[in-house]
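J.: Could you have a look at this structure, given as structure tokens, before my questions?
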Amino acid sequence: MNQILIIYTGGTIGMMSDPVTKALVPINFEQIMDNVPELERLNCKIKVHSFDTVIDSSNMNPEIWNELARLIKKNYDSVDGFVVLHGSDTMAFSASALSFMLENLDKPVIFTGSQLPISAVRTDAKENLMTAIELAKAKKNDRARVPEVCIYFDYKLFRGNRAFKYNSSKFEAFRSPNYPILAESGVHLRFSINDIRQPGTEPIIVHNMVANDVAVLKLYPGISPKVVESILASDVRGVIMETYGSGNTTTDAWFIDLLKKAIDGGKVILDISQCKVGTVELGRYETSKQLKDIGVTNGYDMTFEAAVTKMMYLLGQSNNPLQVKEWLETDLRGELTIS
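Counting in full-length UniProt numbering, the sequence shown tops out at residue 339, every number present.
Put into structure tokens, the structure is as follows:
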């Protein structure tokens, strides 16, 4: 019989309405189990680890990612898969971070949560939790069907570092426009076999997330030199630059000069698009050719969440900007498509 570890961090899925204040307050996992008696009919053994203090996902940080990674490492040989109950607001950040931290992963790590508390009459929590467990234990020829860090929400399984939350009021909260879904839940679970990464034969390596000296520069028409300079001159080693279209920026001399000064000073600047669909193509237009020439790094079709967490991960692996740049432009965990 398969054994699944559920890691309960918090989030809307584990909330109930306070009878006095009517505000949503956290509950313990035993109360979640009380609301989903169907769990006892699943053909698997369920272990549970609850955080001592359950958290709102808005308080997520690298220390908690490290705790999640340690829990997975500690239990890796004794279970068949993992389900992480997590608030949806920062779920894509956490799933992306764990995808980089868990090298050579060959077991499912499925993040899920809900838009409504599990105690609500019309909740999406029950289906999300039940199917996430089914996906975590799914095997074929004694091998995990989805040996990746994933997000399951509203009948769809996404690669964790390809998804982002796009809607705060629909059950269909996540999308992955630049990569196909890995599985879909209906009458049967249907797996997109050709889109699922297959692990190698090397043992798992669990990395710590130790660097968070990353800044974000989001461009907009009329952005001033003072704003750009304050971000580029800040005490960070990496900058995520959200650009227009296929990676384009203003060609004003002051802007290019500030970028070049930052890069020459050892900062890594990663170019990702503000568009949710498509990819960065440095050099395709004149407005991005200069970026390529001065050493801006191509983020291709990475999500913002994957870009931030990959930058954090790599800055913790190397102090060499050229090495970090090379790794950023390399597909490590299925997070980008190189044109």
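Heads up, the beta-carbon is just placed ideally off N, CA and C, and yes, glycines get one too.
Would Met241 pass as a contact of Pro117 if the rule is Cβ separation under 8 Å?
T.: No, they are not a contact pair.
J.: Nearest to Glu67 by CA position, among Phe93, Leu98 and Val79, is which residue?
T.: It is Leu98 whose Cα lies nearest to the Cα of Glu67.
J.: Could you work out which residue in Leu291, Phe51 and Ser339 is closest to Asp257 when comparing CA atoms only?
T.: For Asp257, the nearest C-alpha among the options comes from Leu291.
J.: May I ask which residues mark the beginning and end of the beta strand (DSSP E) holding Asn35?
T.: Not the beta strand (DSSP E): Asn35 falls in the alpha helix (DSSP H), residues Phe29 to Asn35.
J.: Tell me whether the beta-carbon of Met91 lies closer than 8 Å to the beta-carbon of Lys165.
T.: Contact: yes.
J.: Rounded to whole angstroms, what is the Cα-Cα separation between Trp327 and Ser288?
T.: So the two alpha carbons sit approximately 21 Å from each other.
J.: Does DSSP put Gln290 in a helix, a strand or coil?
T.: It is helical.
J.: Can you tell which of Val36, Thr53, Ile4 and Asp56 has its C-alpha closest to the C-alpha of Ile46?
T.: Ile46 has its Cα closest to that of Ile4, out of Val36, Thr53, Ile4 and Asp56.
J.: Measuring CA to CA, which of Asp331, Arg284 and Ile263 is closest to Asn320?
T.: Answer by Cα proximity: Ile263.
J.: At 3 residues or longer, what runs of the beta strand (DSSP E) sit wholly inside the segment 129-156?
T.: Correct list: 149-153.
J.: In angstroms, rounded to a whole number, what distance separates the CA positions of Asp124 and Asp235?
T.: Rounded to whole angstroms, Asp124 to Asp235 spans 43 Å at the Cα level.
J.: My understanding is that Asn141 touches Ile204, with C-beta atoms under 8 Å, so please give their C-beta distance in whole angstroms.
T.: About 20 Å separates the two Cβ atoms, so there is no contact after all.
J.: How would you write the range of the alpha helix (DSSP H) that residue 340 sits in, first residue to last?
T.: This structure cannot speak to residue 340, because the chain is shown only from 1 to 339.
J.: So is Leu322 buried or exposed if we call it buried at 16+ other beta carbons inside 10 Å?
T.: So Leu322 ends up on the exposed side.
J.: Which whole-angstrom value describes the C-beta separation of Tyr152 and Thr201, a residue pair presumed to lie in contact below a C-beta threshold of 8 Å?
T.: Actually they do not touch by this definition, with Cβ atoms about 27 Å apart.
J.: Is the distance from the Cβ of Gly278 to the Cβ of Asn161 below 8 Å?
T.: Not in contact: Gly278 and Asn161 (Cβ atoms no closer than 8 Å).
J.: Could you say if the segment 128-140 and the segment 69-86 meet the contact criterion of at least three C-beta pairs nearer than 8 Å?
T.: Short answer: they touch.
J.: Taking the continuous alpha helix (DSSP H) assigned at Ile181, which residues delimit it?
T.: Here Ile181 belongs to no alpha helix (DSSP H), and DSSP marks it neither H nor E.
J.: Just the C-alpha distance for Gly14 and Leu42, rounded to the nearest angstrom, thanks.
T.: If you take the alpha carbons of Gly14 and Leu42, they lie about 20 Å apart.
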